[in-house]
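Undergrad: Counting in the working numbering, the sequence shown runs from 1 upward without gaps. C-beta: ideal position from N, C-alpha, C; glycine also. Input: one structure, supplied below.
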Amino acid sequence: EQHTRYLKRDINDLDDVRNAMNYLSAIREKETMLDWEFGPVEEKYALLQRYRVDIPKEESDAVTDLMFSWKKLKKDANSITESLGSQQAAFKKGLIRNVRMFVV
């Protein structure tokens, strides 16, 4: 949830870019492991539902919500990555301008 909240923030300067990149990096580091772990959990609950095993609604909803939240977080991360890509030239130009002003 912390990552989702942060990814909703506007990116206005290079500090925001750095912070967004740190969050994106943390998400990417966990992505493979979580996909690897969530897959079997999702399959097991699907199997239990197929054979009509009674599962507490709260538990079933928690699994569904977890999967939904993870997929949404990955979608938001991809969206931010695309946004950063489109803003890259403007930030680079600003950085070069600021470095030139600093050197002089």
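1) If we ignore side chains and look at the alpha-carbon of each, how far apart do residue 43 and residue 74 end up?
2) Keeping to the same chain, check which residues put their C-beta closer than 7 Å to that of residue 24; ignore five residues upstream and five downstream.
3) List the endpoints of the continuous alpha helix (DSSP H) containing residue 74.
4) List the endpoints of the continuous alpha helix (DSSP H) containing residue 22.
5) Could you check which residue in 103, 67 and 62 has the C-alpha nearest to that of residue 37?
TA: Taking the geometry as given:
1) Roughly 20 Å separates the two Cα atoms.
2) Cβ neighbours of residue 24 within its own chain (closer than 7 Å, five residues either side excluded): 77, 80 and 81.
3) Here the alpha helix (DSSP H) through residue 74 covers 57-103.
4) That run of the alpha helix (DSSP H) goes 14-50.
5) The candidate whose alpha carbon is nearest that of residue 37 is 67.
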